[in-house]
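Quick notes on the structure that follows.
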Amino acid sequence: MDVERTPDSRFADLDWSFAPHYLTHPDGLRQHYVDEGPEGPARGTFLLLHGEPTWSYLYKDWIGPLVDLGYRVVAPDHLGFGRSDKPLDDGWYSIAAHRRTLEALIADLDLDHITLVVQDWAGPIGLCTALTDPDRYARLFLFNTWLHHDGYEYSEGIRWWHEAAVDPQRFGADMPTGAIVAGTMRRPDVDAESVRRAFDAPFTGPASKAGARRFPACLPFADPRLGDAALQQRARARLREWDIPIHLAFGDADPVFPYETAEQWAAELPGATLDRIPGAGHFVQLDAPASCLAVVREQLGASDG
Numbered sequence: 012m013d014v015e016r017t018p019d020s021r022f023a024d025l026d027w028s029f030a031p032h033y034l035t036h037p038d039g040l041r042q043h044y045v046d047e048g049p050e051g052p053a054r055g056t057f058l059l060l061h062g063e064p065t066w067s068y069l070y071k072d073w074i075g076p077l078v079d080l081g082y083r084v085v086a087p088d089h090l091g092f093g094r095s096d097k098p099l100d101d102g103w104y105s106i107a108a109h110r111r112t113l114e115a116l117i118a119d120l121d122l123d124h125i126t127l128v129v130q131d132w133a134g135p136i137g138l139c140t141a142l143t144d145p146d147r148y149a150r151l152f153l154f155n156t157w158l159h160h161d162g163y164e165y166s167e168g169i170r171w172w173h174e175a176a177v178d179p180q181r182f183g184a185d186m187p188t189g190a191i192v193a194g195t196m197r198r199p200d201v202d203a204e205s206v207r208r209a210f211d212a213p214f215t216g217p218a219s220k221a222g223a224r225r226f227p228a229c230l231p232f233a234d235p236r237l238g239d240a241a242l243q244q245r246a247r248a249r250l251r252e253w254d255i256p257i258h259l260a261f262g263d264a265d266p267v268f269p270y271e272t273a274e275q276w277a278a279e280l281p282g283a284t285l286d287r288i289p290g291a292g293h294f295v296q297l298d299a300p301a302s303c304l305a306v307v308r309e310q311l312g313a314s315d316g
């Protein structure tokens, strides 16, 4: 299998100060993750998962504050993204493949008392993975994401994204990853140019973007098998029965997962809380980090009280 390993030099000029850690999987693929924590015993572990076409940089403004609250923070890059190895064959990638590598990382690090944070494709990947070993988890935060089910109404935004991303005449092989993420920022204080650089940095050219190209093709309405449609539907049903705190917080300027979908989802989850993050777009963690962290602190404080 042909694999690319992004040179460290491409990350040198980013606003990013966290030491890299790596897990080498049995097939030889090396996966990057951030692993930061307090000096003393941790209160638990925040597991921060990214989606398409991002990497753990998405949480750059979260990691330090969560450590300051006393938590260990682990933020992996899916294979094909960030500082992780990048198989060059589009066919290597499926949602099941991403789940397997996440399961292996959680087991290798023996993560426990996990507060799981998901957004975008991290929802299907992270939630389906969590439900295979639920005793490891203590709390869920769901930001601008989804789980497929037969009645799910995919927005015009996500259908447009699928059509554009798989059309060679629009994005083709050289998907403009940095411009895609930067173009979704809605808060006026975001430095869009630094965002563009950060999400272009992992890719040296079109060949290395196989993972980014593949995710849109895995949407369950386009390919139920690649997208884990049946598993997602079972996970959505099981989530209604999971007796741990579940908190939803959606940016309300996201055309992909509109706020109304969060209201519908929260209504079907007994005891779930819901927060609206005004004026924030799809990548809400980077667009409105202070607002997101305020939601997290409030929920943690409520549980402590």
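Under this note's numbering, the sequence shown has 78 at position 67, and the numbering climbs by one with no breaks.
Ideal Cβ placement from N, Cα and C applies to all residues, glycine included.
If you check the CB distance, Lys220 and Asp185 come in under 8 Å. Counting only runs of 4 or more residues that sit fully inside the stretch 160–195, the alpha helix (DSSP H) segments are 167–176 and 188–194, in chain order. In this structure, the straight-line span from the alpha carbon of Asp96 to that of Arg16 is close to 5 Å. Excluding five sequence positions before and after Ala277, the CB atoms of its chain that fall closer than 8 Å to its own CB belong to Leu259, Ala283, Thr284 and Leu285, given in chain order. Arg197 and Ser105 have their C-alpha atoms spaced approximately 30 Å apart. Annotation note: the stretch 108–144 contains the following uninterrupted beta strand (DSSP E) runs of length 3 or greater, listed N- to C-terminal: 125–131. Under the Cβ criterion (8 Å, minimum of three pairs), the stretch 16–28 counts as touching the stretch 60–74. In the three-state reduction of the DSSP assignment, Ala299 falls in the coil class. Here DSSP, grouped into helix, strand and coil, assigns Ile106 to helix. For Ala305, the secondary structure class from DSSP, reduced to helix, strand or coil, is helix.
When C-beta atoms of the stretch 34–49 are compared with those of the stretch 112–131, three or more pairs fall below 8 Å, so the two segments count as touching.
Membership of Ala260 in the beta strand (DSSP E) is indicated by the continuous run Ile257 to Gly262.
In the DSSP assignment, Thr272 falls outside any beta strand (DSSP E) and within the unbroken alpha helix (DSSP H) covering Tyr270 to Glu279. A distance below 8 Å separates the beta carbons of Ala53 and Arg83. At a Cβ-Cβ threshold of 8 Å, Asn155 and His293 count as neighbours. For Asp239, no alpha helix (DSSP H) segment is defined, and its DSSP state is neither H nor E. Rounded to whole angstroms, the separation of the alpha carbons of Trp253 and Gly168 is 30 Å. In this structure, the CA atom of Gly312 is about 20 Å from the CA atom of Val129. Taken through DSSP and simplified to helix, strand or coil, Arg83 comes out as strand. Rounded to the nearest whole angstrom, the CA to CA distance from Phe92 to Pro281 is 35 Å.
When C-beta atoms of the stretch 236–245 are compared with those of the stretch 199–216, fewer than three pairs fall below 8 Å, so the two segments do not count as touching.
According to the DSSP assignment, Val206 belongs to the alpha helix (DSSP H) that extends over Ala203 to Asp211. CA-to-CA, the gap between Arg225 and Ile136 works out to about 14 Å. DSSP places Ala149 inside the beta strand (DSSP E), whose first and last residues are Tyr148 to Thr156.
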